[in-house]
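In this note's numbering, the protein residues as written are 789 to 965. Here the structure is laid out as structure tokens; the discussion comes afterwards.
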Amino acid sequence: MLLRLWERYHDAKDKTDTMSRLDSFIRRLTAQRDILNGIADEVKTLDGPVLELGLGNGRTFDHLRELFSDRRIVAFDRAANAYGPSMPEAGNLVLGEIKDTARDFIGIGASLAHADIGTGYEEKDAVTLTWLPEIMVGVLAPRGIAVSGLSLDHPDLEPLPLPPGVKAGRYFIYRRR
789 MLLRLWERYH
799 DAKDKTDTMS
809 RLDSFIRRLT
819 AQRDILNGIA
829 DEVKTLDGPV
839 LELGLGNGRT
849 FDHLRELFSD
859 RRIVAFDRAA
869 NAYGPSMPEA
879 GNLVLGEIKD
889 TARDFIGIGA
899 SLAHADIGTG
909 YEEKDAVTLT
919 WLPEIMVGVL
929 APRGIAVSGL
939 SLDHPDLEPL
949 PLPPGVKAGR
959 YFIYRRR
């Protein structure tokens, strides 16, 4: 009975664009996790480090470290605010404005670049989108994978299908051509 009520609630939520901020947050993080888990095997066939643009409190960094334990994972953020065990080691944490600091990594040949740096404010995200697609292309190896909470419009990025259960427009996956 509870399961049916839960399913009806979520079916109804999917038919409207309104949901609580908590529901939206949960769905975004679920989509992020499902995408990262879904591409992990493919990323493991590629050479190169993994880049995390937007460390935040380190949840996704910690998950990436679990998925790619044999890879160098470089995290970027304005300031170090991650939970202690989720903090990258000194040589793999780059602090400062991501649009500036990530440019130093153009050509690194990353197998995966993940960016969850959207704000939810269209005008602020529009500014981010003036530089983020170019950075993602620049840091990725050919055939490298870009995962982003913002849609990336760039001729060198080929959109990839989302895993089942991830609603279109919630999160995005690309392969560098």
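Glycine is no exception: its CB is placed at the ideal position from the N, C-alpha and C atoms.
Since residue i and residue j are thought to touch, with beta carbons under 8 Å apart, how far apart are those beta carbons, to the nearest angstrom?
i	j	result
Ala901	Val927	5 Å
Arg816	Arg964	Between Arg964 and Arg816 the Cβ distance is about 23 Å, and since that is not below 8 Å, they are no contact.
Gly884	Arg860	Not quite, the Cβ-Cβ distance comes to about 19 Å (not below 8 Å), so this is no contact.
Leu945	Leu917	The Cβ separation is near 12 Å, so there is no contact.
Val954	Ala819	4 Å
Ala890	Pro837	The Cβ separation is near 13 Å, so there is no contact.
Measuring only the C-alpha atoms, how far is residue i from residue j?
i	j	result
Ile896	Thr806	40 Å
Leu793	Ile823	The predicted position of Leu793 is uncertain, since its pLDDT is 35 and thus under 50; no value can be drawn from it.
Phe864	Tyr962	20 Å
Leu881	Val862	6 Å
Lys887	Ile923	8 Å
Pro947	Val925	13 Å
Phe960	Ser936	5 Å
Pro949	Ala956	9 Å
Val831	Gly906	23 Å
Pro951	Asn825	10 Å
Is it buried or exposed for residue i, if we count other Cβ within 10 angstroms and need 16 for buried?
i	result
Gly908	exposed
Phe813	exposed
Ile894	exposed
Gly872	exposed
Ala870	buried
Return the bridge partner residues of residue i from the DSSP annotation.
i	result
Glu840	Ala863 and His902
Ala934	Ala901 and Tyr962
Pro947	Tyr962
* Asked: Between the region 917-933 and the region 847-855, are three or more C-beta pairs nearer than 8 Å?
  -> no
* Asked: If you pair each beta-carbon of the region 867-883 with each one of the region 908-920, do three or more pairs fall below 8 Å?
  -> no
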